[in-house]
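Written out below as structure tokens is the structure these notes cover.
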Amino acid sequence: MSDTALAPVRTMTMAKALNAGLRRAMEDDPKVLLAGEDIGKLGGVFRVTEGLQKDFGEHRVMDTPLAESGIVGTAVGLAVRGYRTVCEIQFDGFVFPAFDQIVTQVARIRWRTMGRTPMPIVIRIPYGGGIGAIEHHSESPEAYFAHTPGLKVVTCSNPVDAYWMIQQAIASDDPVIFFEPKRRYYEKAEVDTTAVPLPLHRSRVVRPGRDATLIAYGPMVKTCVEAAEAATDEGRELEVIDLRTLSPLDLGPVFASVRRTGHAVVVHEAPVSVGLGGEVAARITEECFYSLEAPVLRVAGMDVPYPPSRIEEDYLPDLDRVLDAVDRSLAY
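Under UniProt numbering, think of the first position of the sequence shown as 1, with each following residue one higher.
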């Protein structure tokens, strides 16, 4: 192993950070297993599991048949026997064949057994658009799972969170749906592998500000930071909050921010109707009503099936749409 690999602070892409986090979890606990389509010899479509089968063997990094329901169902049996399985769903749109297993079995077994049977399963799902993919390869299905009691749902937005959150998810005795923004896989950051990480189910202020609050998660965090940077040209200071956890939501930092700014804009890629933005907006209205100077606004995907890749840039929220919502909020 090279000195670079041993260094406590390394510059990594999100994909490499996830790989390093998986590796560390497997080194720390021999009962951590990986299962998915093409994750072994190939290293996964996005190379997140590259090299792990070579180092840990085919009995711990398992290439599975193309059967998502079978992958998750097998993980349930392994969990009952004390194993911690990380299932990879190759693309977001492929999770639906496993939906039955996830919402009727994975989410309920710990509750059904009154806590006697832990369900330490992590289901990794690359999600979102921005890579020019074909149909079923660019979806944002997070609301389905955040709506389901018994599931924890989280999403990283940067390599640092990716490295720590995957390990924390694997250590959880509850099932965790782990969303990875695929268009951010190859963006880099310095990762300190000796740092004390933020707890898994905590949101985080990414950029402080005083004029309005932007609330986002996953792929839209970077977009909101870019919008905040652009807003400084007009003398505006926008606060950006990364939710990180979608179930349970950690809205304490959001409420504190909105009470100061009086303006809130929630941003996500998923369709706007009945999306996470609606829940966040409702909670802000309940808790911060007398601090609000404008309605809580949402910037999100449109209520249409995800479009062909040639026009996906017209569908995805971008810097201009975020700043337009800020303008509308501050105009009240």
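Each residue gets a CB set at the ideal place from its N, CA and C atoms; glycine is no exception.
query = Comparing alpha-carbon positions, which option in Gly-36, Thr-223, Phe-56, Glu-190 lies nearest Val-95?
reply = The sequence position of residue 95 within the sequence shown is 95, counting from 1. Answer by Cα proximity: Gly-36.
key: Identity of the residues DSSP links to Val-296 by a beta bridge   = The residue labelled residue 296 in the question sits at position 296 within the sequence shown. DSSP lists no partner for Val-296.
ask   = Among residues of its own chain, excluding the 5 on either side of Ser-2, which ones have a beta-carbon nearer than 8 Å to its beta-carbon?
value = As a first step, residue 2 must be located in the sequence shown, where it is residue number 2. Confidence is the limiting factor: at Ser-2 the pLDDT is only 41, short of 50, which leaves the residue's position unreliable and the question unanswerable from this model.
query = Three or more beta-carbon pairs under 8 Å between the region 209 to 225 and the region 37 to 56, yes or no?
reply = In short, these stretches do not touch, since the Cβ pair count stays below three.
key: Candidates Asp-55, Asp-192, Glu-312, of which the one nearest Val-160 by Cα   = Looking up residue 160 in the sequence shown gives position 160. Proximity to Val-160 across Asp-55, Asp-192, Glu-312 peaks at Asp-192, based on C-alpha coordinates.
query = Given that a residue counts as buried once 16 or more other Cβ atoms are within 10 Å of its Cβ, and exposed if not, what is Asp-327?
reply = Along the sequence shown, read from residue 1 onward, the residue named residue 327 stands at position 327. Result: exposed.
request  = Taking only beta-carbon positions, decide if Arg-183 is within less than 8 Å of chain D.
outcome  = This model lacks chain D altogether, as it is built from one protein chain only.
Given Thr-232 as reference, the closest of Arg-207, Leu-251, Ala-15 once Cα atoms are compared = In the sequence shown, counting from the first residue as 1, residue 232 sits at position 232. The shortest Cα separation from Thr-232 among Arg-207, Leu-251, Ala-15 belongs to Arg-207.
message = Using CA atoms only, rank isn't needed, just tell me which of Glu-135, Ile-109, Pro-317, Gly-262 is closest to Ser-291.
response = Here residue 291 refers to the residue found at position 291 of the sequence shown. Of the candidates Glu-135, Ile-109, Pro-317, Gly-262, the one whose C-alpha sits nearest the C-alpha of Ser-291 is Gly-262.
key: Val-48, DSSP secondary structure in three states   = Looking up residue 48 in the sequence shown gives position 48. If DSSP states are grouped into helix, strand and coil, Val-48 belongs with coil.
ask   = Which partner residues does Cys-87 have in the DSSP bridge list?
value = Taking the sequence shown and counting its residues from 1, one reaches residue 87 at position 87. Beta-bridge pairing links Cys-87 to Ala-35, Ile-123.
query = Under a Cβ-count criterion, where at least 16 other Cβ atoms within 10 Å of its own Cβ denotes burial, should Arg-84 be classed as buried or exposed?
reply = Position 84 of the sequence shown holds residue 84. By the Cβ-count criterion, Arg-84 is buried, with 16 or more other Cβ atoms from all chains shown falling within 10 Å of its own Cβ.
request  = Please work out which residues of its chain come closer than 6 Å, Cβ to Cβ, to Met-12, disregarding the five sequence neighbours upstream and downstream, and give them in chain order.
outcome  = For the purposes of this step, residue 12 is taken as residue 12 along the sequence shown, with counting starting at 1. If we look at Met-12 and ignore the five residues flanking it on each side, its Cβ neighbours are Pro-159, Val-191.
key: Chain-order list of residues whose beta-carbon lies under 6 Å from that of Pro-181 (same chain, five-residue window excluded)   = The residue you call residue 181 lines up with position 181 of the sequence shown. When the five nearest sequence neighbours on each side are left out, the beta carbons in the same chain lying within less than 6 Å of the beta carbon of Pro-181 are those of Gly-128, Gly-218, Pro-219, in order along the chain.
query = Mind checking whether Glu-142 and Ala-270 have CB atoms under 8 Å apart?
reply = Residue mapping note: residue 142 aligns to position 142 of the sequence shown, counting from 1. Residue mapping note: residue 270 aligns to position 270 of the sequence shown, counting from 1. It is a contact, given that the beta carbons lie within the stated cut-off.
key: Nearest candidate by alpha-carbon position, reference Asp-303, set Ala-325, Val-272, Ile-89, Leu-330   = Counting from 1 along the sequence shown, the entry for residue 303 is found at position 303. Selected option, being the one with the closest Cα: Val-272.
ask   = Given that a residue counts as buried once 16 or more other Cβ atoms are within 10 Å of its Cβ, and exposed if not, what is His-59?
value = Within the sequence shown, the letter at position 59 stands for residue 59. The residue is exposed, with fewer than 16 neighbouring Cβ atoms inside 10 Å.
task = Taking Pro-253 as part of the alpha helix (DSSP H), name the residues at either end of that continuous run.
result = Position 253 of the sequence shown, counting from 1, holds the residue named residue 253. Per DSSP, Pro-253 is one residue of the alpha helix (DSSP H) stretching across 252 to 261.
message = Can you find the residues in the same chain that come closer than 8 Å, C-beta to C-beta, to Thr-223, ignoring five residues on each side of it along the sequence?
response = If you number the sequence shown from 1, residue 223 lands on position 223. Listed in chain order, the non-local C-beta contacts of Thr-223 below 8 Å within the same chain comprise Ala-216, Val-267, Pro-317, Asp-318, Leu-319, Val-322, local neighbours out to five positions each way being set aside.
request  = Could you pull the start and end residues of the alpha helix (DSSP H) that Ser-69 belongs to?
outcome  = Mapped onto the sequence shown, residue 69 falls at position 69. That run of the alpha helix (DSSP H) goes 68 to 80.
request  = Pick helix, strand or coil for Asp-314, following the three-state DSSP scheme.
outcome  = Here residue 314 corresponds to residue number 314 of the sequence shown, with the count starting at 1. Looking at Asp-314 - three-state DSSP - the assignment turns out to be helix.
ask   = To the nearest angstrom, how far is it from the Cα of Ile-170 to the Cα of Val-299?
value = The residue you call residue 170 lines up with position 170 of the sequence shown. The residue you call residue 299 lines up with position 299 of the sequence shown. Approximately 32 Å, taken between the alpha carbons.
ask   = Would the beta-carbon of Asp-174 fall within 8 Å of that of Arg-112?
value = Along the sequence shown, read from residue 1 onward, the residue named residue 174 stands at position 174. Along the sequence shown, read from residue 1 onward, the residue named residue 112 stands at position 112. For Asp-174 and Arg-112, no; Cβs fall outside 8 Å.
inquiry  = With H, G and I counted as helix, E and B as strand and the rest as coil, what does DSSP make of Glu-286?
reply    = By one-based count along the sequence shown, residue 286 stands at place 286. Of the three classes helix, strand and coil, the one that applies to Glu-286 here is helix, per DSSP.
Residue(s) in a DSSP beta bridge with Asp-242 = Numbered from its first residue, the sequence shown carries residue 242 at position 242. Note: Asp-242 sits in a beta bridge opposite Arg-204, Ala-216.
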